[in-house]
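Heads up: the sequence shown begins at 184 in the working numbering, then just goes up one per residue. Think of the CB as a built atom: it goes at the ideal place given N, C-alpha and C, for glycine as much as any other residue. Keep in mind the model is a prediction, meaning the values are calculated, not measured. This report refers to the structure that appears directly beneath it.
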Amino acid sequence: MIKTVEINTIEDVLPLITEQEYRPDLQRNRSLYLYRGMTDVDFKLTTSLSRNCKSAKKTLEPCILNNFTKYGCLEDPLIEKSVWRQMILGQHHGLPTRLLDWSQSPLIALHFSTTEHNLDDMTAHDCVIWRIDIKELHAMLPGRYKKVLADNQTSVFTVNMLSEVATDLDQYDEDMQDSAMVVVEPPSIDPRIVNQYSFFAIVPDAVNNIEEFFDKYTNNTVRYVINKDLRWRIRDMLDQQNISERIIYSGLDGLSKWLGRHYYVNKKEEK
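The structure is reproduced here in structure tokens:
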């Protein structure tokens, strides 16, 4: 089931960014929620592999990964040893993959939902933040996957942990079918992964509609719809809190994006 929550005032944002539940096992307030911000409420949850290769994704995915590994091993020789590392490194550099990006920080998700390539579109449509529950998703995994988590006393897979139970995509797809998926925390191969508090959901080949999957198999998935008239208010709040491209994208790329928006003049100011 997917719950929809509307955010129409700045006060409505507070529950989203403070929903760290108390965990008796840790005696701390730490949630296992992940967040994904999207600029348009009408955008669908879909992977770059699905968008790029459409119905041919199962056939073309091995070709993409094999060639990425063949030509990219000079940059990272370790990618030859793990299909999961191939995906994570490729995703980071724009390769079409079955990974879906998430962040453990709701503020990072707010950032991605309140920016646009064309800033004139900021008030053109509502935006959205999706929230999923790692614990709930991993409760649906096959027994040997759960055992790896238990043996490592953790709730989230690393690349090495996942390689213990699934060394290739065919094995993973057979294990997951259309009723489960793994969330993995990537290695810190780049400052952007660290700064964005990144996690990835590895979408099985049989899951053709991610939203239908969440609606059918989960109870804690939430869709926060942010009113378009609130986007600039939230954007300015985030910039004041130092949540901007300058931090999220390290280097001159992020600095340039941040300065471009900082000095943006909207249409109302021109009149």
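Integer-rounded CB distance, given that residue j should sit under 8 Å from residue i
i    : j    : result
A389 : D356 : 7 Å
S288 : Y407 : Between Y407 and S288 the Cβ distance is about 14 Å, and since that is not below 8 Å, they are no contact.
M420 : I193 : 7 Å
L228 : I393 : 4 Å
V366 : A384 : 5 Å
W285 : R219 : 5 Å
S296 : I317 : S296 to I317, Cβ: 20 Å. No contact.
M184 : N391 : 19 Å between Cβ atoms; not a contact.
Endpoints, the beta strand (DSSP E) within which residue i is located
i    : result
T252 : Note, T252: premise wrong, no beta strand (DSSP E); alpha helix (DSSP H) at K240 to G255.
Residues bridged to residue i (per DSSP)
i    : result
T404 : I185
W415 : Bridge partners of W415: none, in fact.
V311 : M221 and V408
N212 : Y205
D316 : Y216
V342 : The partner list for V342 (beta bridge, DSSP) is empty, contrary to what the question assumes.
F382 : W285
V365 : I385
I190 : I409
Inter-residue spacing [alpha-carbon to alpha-carbon] between residue i and residue j
i    : j    : result
K253 : V448 : 46 Å
D412 : V311 : 13 Å
L243 : M270 : 14 Å
V196 : H445 : 22 Å
N425 : L324 : 37 Å
E368 : N301 : 31 Å
R429 : G326 : 42 Å
G277 : R211 : 37 Å
E263 : G273 : 12 Å
D361 : V386 : 9 Å
N478 : S214 : The question about residue 478 has no answer, for the chain in this structure spans 184 to 454.
I409 : P279 : 28 Å
L199 : I190 : 9 Å
G134 : L442 : Given a span of 184 to 454 for the chain in the structure shown, any question on residue 134 remains unanswerable.
M364 : D309 : 29 Å
E204 : L320 : 17 Å
G437 : I431 : 7 Å
C236 : P245 : 12 Å
T306 : D223 : 11 Å
C256 : S346 : 19 Å
P374 : H275 : 11 Å
L282 : K450 : 37 Å
R416 : R314 : 21 Å
T187 : D358 : 30 Å
E258 : P207 : 44 Å
K329 : Q423 : 41 Å
D334 : F397 : 27 Å
P370 : T341 : 8 Å
T520 : A239 : Within the shown structure, residues of the chain are numbered from 184 to 454, placing residue 520 beyond reach of any answer.
H294 : R418 : 7 Å
S233 : K241 : 9 Å
Span of the alpha helix (DSSP H), counted from its first residue to its last, around residue i
i    : result
D358 : L352 to M359
Q336 : Run containing Q336: none; DSSP gives neither H nor E here.
V266 : V266 to H275
E428 : E428 to I431
G437 : L435 to H445
L199 : V196 to I200
L232 : S231 to C236
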